[in-house]
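Peer 1: Attaching a single structure in structure tokens format; questions to follow.
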DNA sequence: GTGAAAGCGCTAACAA
DNA sequence: TTGTTAGCGCTTTCAC
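Residue numbers (this note's numbering), protein chains in the order written: chain A, 97 to 437; chain B, 97 to 437.
Written as structure tokens, this is what we have:
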């Protein structure tokens, strides 16, 4: 009766072993899936464990087995609806895969450096980066043998594990859709210059406009955030030749464009101007916006990212891979016939 | 020259000690803030550590020191803009405090139970719960001596650490504001019945309506989510006596109400109906909504939560505390003069 | 199938 | 101030 450890103090595998009258290693085996152990032994141990409320100490386990079963997620803490969607999708899936999430919200370059150190110190098994990562930082992780999967970003000419959204055909559809509505004068709202996502999207847009005909009458740059769209919209619309359709590099800014046009400039969307975005975030589907956009299959991308990192953790020699998931064109009510001249 | 450990294999404090020609414990001390160590020794160790790219293994440190420096955050993964705001605020602050975040996104009751086990196994130093937690689950954490801070929820008659938003005076202002606009027929859109936040908000609303005069002509219930507002709005407006102002238990639903009224029912807001919400989430301030609402000081609440859990971690005997931060009334453009009969 | 024993990498007495 | 030593709680050979 007195073999119970102090109330309040946590039971260890030794306590369980003593109570069950077996060796400590037997207890360990009992909690290791697929270990060879007789039913009788298992029952004894489980009973003792239950009585003592025993659960293995994951920290000790990590130390000896060199596997923390923790995965780090790096994600921008910028207020932007895209990141939370990605984060929650990833997190939900990691827990289903028996992995814990170590969260690092990133506000600036220093945060990344710090996160990378913590990842190293805490022996995270892998990293998903949905935040800016420099080549040096990526290489540092590689040198430390920590598998990395980049979410929606990659480096040129560098083997990386990447989940990317291929929007080429969707962009084509989008421009063709605008063209069908009679649009030929486009305004472009780019993302930040350093953003590969923005570069790629804008490249595809230009290419599609070339193909389908039309011209870009004005351009401006935002920082992906809602607020940045207000000034950018003014800039786009102040041009001598006004665009009849505005293409923003992400939904967040497209929502800002729409709001500026409707609620500040007194324009009507899509009667006066059509607006399109990229991402397919949830908010873009709200009745006040109903954006026409190119949707990323965020759920499937998260699924793929988790799968990819799990594979690399289990088999570190697995070669790098880029997975391109196809984005889809989604027609909302933010686009309509171009206003007759 | 050959005392360097295998390239690729991580350096330990022993490797550093060997290279620096000192004892392993000296290395340990060097990385422990405030340990007594001579400058000369520190320089030697730091140089060796740098050469080997040494950083202490946090897992081993946690095992021996019984402090993981990890804090668990439980948060609903429901698609609702409120939670991500809270999560990012908390996470940013935890990293500033030298604590790592172990994230648990919660989809249902089972997820909570699972998270609680993981928290125990991973020896999280503390827990912030911004998700539903049963009394039993809370008590289990208490029995395991893990400090818990509840974010925006608490139990009656049970000592808990809680961060709560006091909206009483703001609600009064809100109702008085509506009254000034000539509103006297209110529609209430409650949150789920089990939600204390909703109960409290609705209680204060009723109380304020009693005080200022007016009647509740119709009521319905939603689940806090945007989508649930559509049907609820129809229900509210189908009543014989129609409300001129609708009060929703959170902004997310208020946005849904506004969209249903404007974009589906063809009403004008606030000309036909006024709409108010609770929370003060970022999206509620977008030009398409500009909700009149009661704002929670989310940043300060997060700050308080972090402070509270840090205190409890450092001094476990600290008594429980409830902190009530005051919400503020924010006037948007979703409210205006009541339509003359 | 089971037990004994050797660590994983670190911190924290305790001596010197 | 520094080094020696004993674990933290577990996994994993290795005998039996």
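Where is the CB? At the ideal position from N, CA and C, for every residue including glycine.
For residue 270/B and residue 217/A, what's the separation of their Cα atoms in angstroms?
Peer 2: About 50 Å.
Peer 1: Could you tell me the alpha carbon to alpha carbon distance between residue 188/B and residue 221/B, rounded to whole angstroms?
Peer 2: When rounded, the distance between both Cα atoms is 17 Å.
Peer 1: Taking CB distances under 9 Å as the criterion, tell me whether residue 356/A reaches chain B.
Peer 2: Yes, its Cβ sits closer than 9 Å to a Cβ of chain B.
Peer 1: Contact defined as beta carbons within less than 8 Å: I believe residue 408/A pairs with residue 257/A. What is the distance between those atoms, to the nearest angstrom?
Peer 2: Their Cβ separation, rounded to whole angstroms, is 7 Å, which keeps residue 408/A and residue 257/A in contact under 8 Å.
Peer 1: Beta-carbon of residue 419/B versus every beta-carbon of chain A: anything under 9 Å?
Peer 2: Chain A, which has no Cβ nearer than 9 Å to the Cβ of residue 419/B, makes this no.
Peer 1: By Cβ distance below 7 Å, which residues in the same chain neighbour residue 402/A in space, the five residues on each side in sequence not counted?
Peer 2: For residue 402/A, where only same-chain residues beyond five positions count, the Cβ hits under 7 Å are 186, 189, 190, 193.
Peer 1: Can you have a look at residue 434/A and say buried or exposed, based on whether 16 or more other CB atoms are within 10 angstroms of its CB?
Peer 2: Looking at its Cβ environment, which holds 16 or more other Cβ atoms inside 10 Å, residue 434/A is buried.
Peer 1: Just how far apart, CA to CA, sit residue 215/A and residue 313/B?
Peer 2: Going by the C-alpha atoms only, they are around 56 Å apart.
Peer 1: Leaving aside the five residues before and after residue 100/A along the sequence, list all residues of the same chain whose C-beta is less than 6 Å from its C-beta, in chain order.
Peer 2: With a pLDDT of 44 at residue 100/A, under the threshold of 50, the modelled position of this residue cannot be trusted; read the value that follows with caution. Excluding residues within five positions, none has a Cβ falling inside 6 Å.
Peer 1: For chain B, check one thing: does any of its Cβ atoms lie closer than 9 Å to the Cβ of residue 95/A?
Peer 2: The shown model of chain A, from 97 to 437, leaves out residue 95/A, and the question about it has no answer.
Peer 1: Report yes or no: is there a C-beta of chain B within less than 9 Å of the C-beta of residue 181/A?
Peer 2: Yes, residue 181/A lies at the interface with chain B (some Cβ there is under 9 Å from its Cβ).
Peer 1: Going by alpha carbons, who is nearest to residue 431/B out of 142/B, 415/B, 369/B?
Peer 2: Nearest of 142/B, 415/B, 369/B to residue 431/B, Cα basis: 369/B.
Peer 1: Leaving out five residues before and five after residue 323/A in sequence, what residues of the same chain have Cβ atoms less than 8 Å from its Cβ?
Peer 2: Once the five neighbours on either side are set aside, the close Cβ partners of residue 323/A are 352.
Peer 1: The region 377-405 of chain A: which residues have C-beta closer than 9 Å to a C-beta of chain B, in chain order?
Peer 2: Within the region 377-405 of chain A, the residues whose Cβ lies closer than 9 Å to some Cβ of chain B are 378, 379, 382, 383, 384, 385, 386, listed in chain order.
Peer 1: Can you tell me which of the three DSSP states residue 419/A falls into?
Peer 2: Here residue 419/A sits in strand by DSSP.
Peer 1: Using a Cβ cut-off of 9 Å (strictly closer), state whether residue 201/B contacts chain A.
Peer 2: So yes, residue 201/B belongs to the interface.
Peer 1: Using a Cβ-Cβ cut-off of less than 7 Å, give me the residues of the region 135-166 of chain A that come near chain B, in sequence order.
Peer 2: The region 135-166 of chain A vs chain B, Cβ under 7 Å: 151, 152, 153, 154, 155, 156, 158, 159, 164.
Peer 1: Using CA atoms only, rank isn't needed, just tell me which of 183/A, 344/A, 202/A, 404/A is closest to residue 288/A.
Peer 2: Closest option to residue 288/A, Cα to Cα, is 344/A.
Peer 1: Should residue 243/A be labelled buried (16 or more other beta-carbon atoms within 10 Å of its own) or exposed?
Peer 2: Classification for residue 243/A: buried.
Peer 1: How long is the line joining the alpha carbons of residue 204/B and residue 125/B, rounded to whole angstroms?
Peer 2: So the alpha carbons of these two residues sit roughly 45 Å apart.
Peer 1: Measure from the C-beta of residue 277/A to each C-beta in chain B and report whether the shortest distance is under 9 Å.
Peer 2: It does not: the Cβ of residue 277/A has no partner Cβ on chain B nearer than 9 Å.
Peer 1: Going along chain B, which residues have a C-beta under 9 Å from residue 198/A?
Peer 2: Result: 166, 196, 197, 198, 199.
Peer 1: Leaving out the 5 sequence neighbours to the left and right, which residues in its chain are closer than 6 Å to residue 365/A when beta-carbon positions are compared?
Peer 2: Answer for residue 365/A: 354, 357, 358, 371, 430, listed in chain order.
Peer 1: Nearest CA to the CA of residue 111/A: which residue from 362/A, 131/A, 151/A?
Peer 2: Among 362/A, 131/A, 151/A, the Cα nearest to that of residue 111/A belongs to 151/A.
Peer 1: Any idea what DSSP makes of residue 262/B, helix, strand or coil?
Peer 2: Strand at residue 262/B.
Peer 1: How is residue 115/A classed by DSSP in three states: helix, strand or coil?
Peer 2: Residue 115/A: helix per DSSP, three-state reduction.
Peer 1: Can you pull out the residues from the region 342-369 of chain A whose beta carbon lies closer than 9 Å to at least one beta carbon of chain B?
Peer 2: Residues 351, 352, 354, 355, 356, 358, 359, 360.
Peer 1: Which of helix, strand or coil does DSSP assign to residue 268/A?
Peer 2: Helix, per DSSP.
Peer 1: Of all the options 400/A, 281/A, 316/A, which has the alpha carbon lying nearest to the alpha carbon of residue 339/A?
Peer 2: The option with the nearest alpha carbon to residue 339/A is 281/A.
Peer 1: Hey, which unbroken runs of the beta strand (DSSP E) at 3 residues or more fall wholly within the region 335-382 of chain A?
Peer 2: Listed in chain order, the complete beta strand (DSSP E) runs (minimum 3 residues) inside the region 335-382 of chain A are 341-344, 370-375.
Peer 1: Excluding the 5 residues flanking residue 275/B on each side, which residues of the same chain have their C-beta closer than 8 Å to its C-beta?
Peer 2: Hits under 8 Å: 308, 309, 310.
Peer 1: State yes or no: is the beta carbon of residue 409/B nearer than 9 Å to at least one beta carbon in chain A?
Peer 2: Not one chain A Cβ lies under 9 Å of residue 409/B.
Peer 1: Using DSSP's beta-bridge definition, name the partner residues of residue 317/A.
Peer 2: According to DSSP, which records beta bridges pairwise, residue 317/A is partnered with 286/A.
Peer 1: If we count Cβ pairs, one from each stretch, closer than 8 Å, do we get three or more for the region 412-431 of chain A versus the region 386-398 of chain A?
Peer 2: Enough Cβ pairs lie closer than 8 Å, so yes.
Peer 1: Can you pull the DSSP bridge partners for residue 311/B?
Peer 2: According to DSSP, residue 311/B bridges with 281/B.
Peer 1: When you check each C-beta in the region 308-334 of chain B against every C-beta of chain A, which residues fall closer than 8 Å?
Peer 2: Residues 322.
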